[in-house]
Amino acid sequence: MRDFSTDHHWLSINTATLRRQSGQEVALDLIMDQCAARGVRAISPWRDQVAAVGIDKVARQLKALDIELSGYCRGGFYPAADAAGLRAALDDNRRAIDEAKTLNAPCLVLVVGALPGALQGKPAYKDITRARGEVRDGIAVSLEYARSVGMPLAIEPLHPMQAAERACINTLEQALDLCDELDPLPTGEYGQGQLAGAPASLGVALDVYHCWWDPKLQQQIVRAGQGSASRLLAYHVCDWLAPTRDLLNDRGMMGDGVVELRKLRGWVEDAGYAGYSEVEIFSTLDWWQRSGEDTLATCIERHRSVV
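Here it is as structure tokens:
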């Protein structure tokens, strides 16, 4: 396993972690400057933050600061109430792929969606099997375009608590089943072959907040790393607080919760992952109330000491 104790070379900051500082919304251009000042060499920005600054300005600033991306957030949300909604989702995902390409992201992260309207408390339907079918069909269409421009797609399975509102793909096994169906690798089926080499066209973003509890996690990480190409496209870290005060916006700083972070990173690195550990923390009651300097300094220290 790589030694992170002496530097933060492999630390990336998901910009949601710093989108609110001292209780106030902060623009992406300032966040990039803050990261560069602390020697953070990678970020994963969100589309709304990019749009607020302007994608061309963001691209120029990334180049000037010598910052690269560990991923781009986000595509997905495929299910819809009707054909027009399904088409709109496909169009939006095509735009997200183009944005990711413009910013030279290594992958576009997909939060796939679930029951349409559930986030607003008015689900258009309750058939989660239908939603999963619409996710499958939507990814299949997006993947065809993504391949044509060379942009890998990374399915992010979300904790089952978010199965109704945000993602009906909830385990790494489900995500990898979709990958194998839609993007079969030419060699190296599950349980065979060598550790993967180049990234697959369709893979996974493994977020420890969503997957740490899964009794099949180690087995499925091994599966993701076997074959002719790696399915492990992104690795997100934070911690699960006990008790958790809010199931969406109370993620813990690494080391403050119950996740065995070193063990999990050992599993993903044994499976061939050698990319960034991307800190993604939504924290209304804690870290979003602190200064950006405090949050960044703590991310760096915990990356070295517990990740």
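Under full-length UniProt numbering, the residue at position 184 of the sequence shown is numbered 184, and the numbers go up by one with no gaps. C-beta atoms are modelled at their ideal positions from N, C-alpha and C, and glycine is treated no differently. Note that the structure is a prediction, hence the values are computed from the model and not measured.
Secondary structure of residue i, DSSP reduced to three states
| i | result |
| --- | --- |
| tryptophan 213 | coil |
| proline 199 | strand |
| glycine 193 | A caution first: glycine 193 carries a pLDDT of 45, below 50, which makes its placement in the model too unreliable to give a value. |
| valine 204 | strand |
| valine 141 | helix |
| leucine 153 | strand |
| glutamate 68 | strand |
| arginine 2 | coil |
| arginine 265 | helix |
| arginine 94 | helix |
| arginine 231 | strand |
| lysine 122 | coil |
| alanine 131 | helix |
| alanine 242 | coil |
For residue i, the nearest candidate out of the options (CA to CA)
| i | options | result |
| --- | --- | --- |
| valine 279 | Trp287, Arg262, Val237 and Leu247 | Val237 |
| arginine 94 | Leu103, Ala229, Ser142 and Ala105 | Ser142 |
| leucine 139 | Asp294, Phe77, Val50 and Leu248 | In the sequence under discussion, the amino acid at residue 139 is isoleucine, which differs from the leucine named in the question. When only C-alpha atoms are compared, the closest one is Phe77. |
| alanine 198 | Leu62, Arg231, Tyr209 and Trp46 | Arg231 |
| alanine 131 | Glu165, Ser148 and Pro106 | Glu165 |
| glutamine 162 | Ser291, Gly113, Met1 and Ile221 | Gly113 |
| alanine 83 | Val109, Glu134 and Tyr72 | Glu134 |
| glycine 150 | Ile97, Tyr72, Gln49 and Gly75 | Ile97 |
| tyrosine 235 | Leu182, Gly71 and Leu178 | Gly71 |
| glutamine 219 | Leu264, Ala229 and Trp287 | Leu264 |
Bridge partner(s) assigned by DSSP for residue i
| i | result |
| --- | --- |
| aspartate 250 | Ser283 |
| tryptophan 10 | None; tryptophan 10 has no bridge partner. |
| glutamine 21 | Gln24 |
| histidine 236 | Asp207 and Glu278 |
| cysteine 73 | Trp46 and Val109 |
| alanine 88 | DSSP, once it has assigned bridges, lists no residue as partnering alanine 88. |
| alanine 167 | Gly113 |
Residue j beta carbon less than 8 Å from that of residue i
| i | j | result |
| --- | --- | --- |
| cysteine 299 | leucine 11 | yes |
| valine 53 | alanine 27 | yes |
| aspartate 270 | glycine 255 | no |
| tyrosine 276 | alanine 42 | yes |
| leucine 172 | valine 268 | no |
| glycine 203 | glycine 272 | no |
| methionine 253 | isoleucine 281 | yes |
| glutamate 68 | valine 109 | no |
| tryptophan 46 | threonine 17 | no |
| leucine 176 | arginine 223 | yes |
| proline 152 | proline 116 | no |
Residue i at chain E interface by Cβ criterion, 8 Å
| i | result |
| --- | --- |
| asparagine 249 | In the structure shown, chain E does not exist; there is a single protein chain. |
Where are the alpha helix (DSSP H) runs, 4 residues long or more, that stay fully inside the stretch 274-305, in chain order?
292-305
Whole runs of the beta strand (DSSP E) within the stretch 26-57, excluding any shorter than 3 residues
42-44
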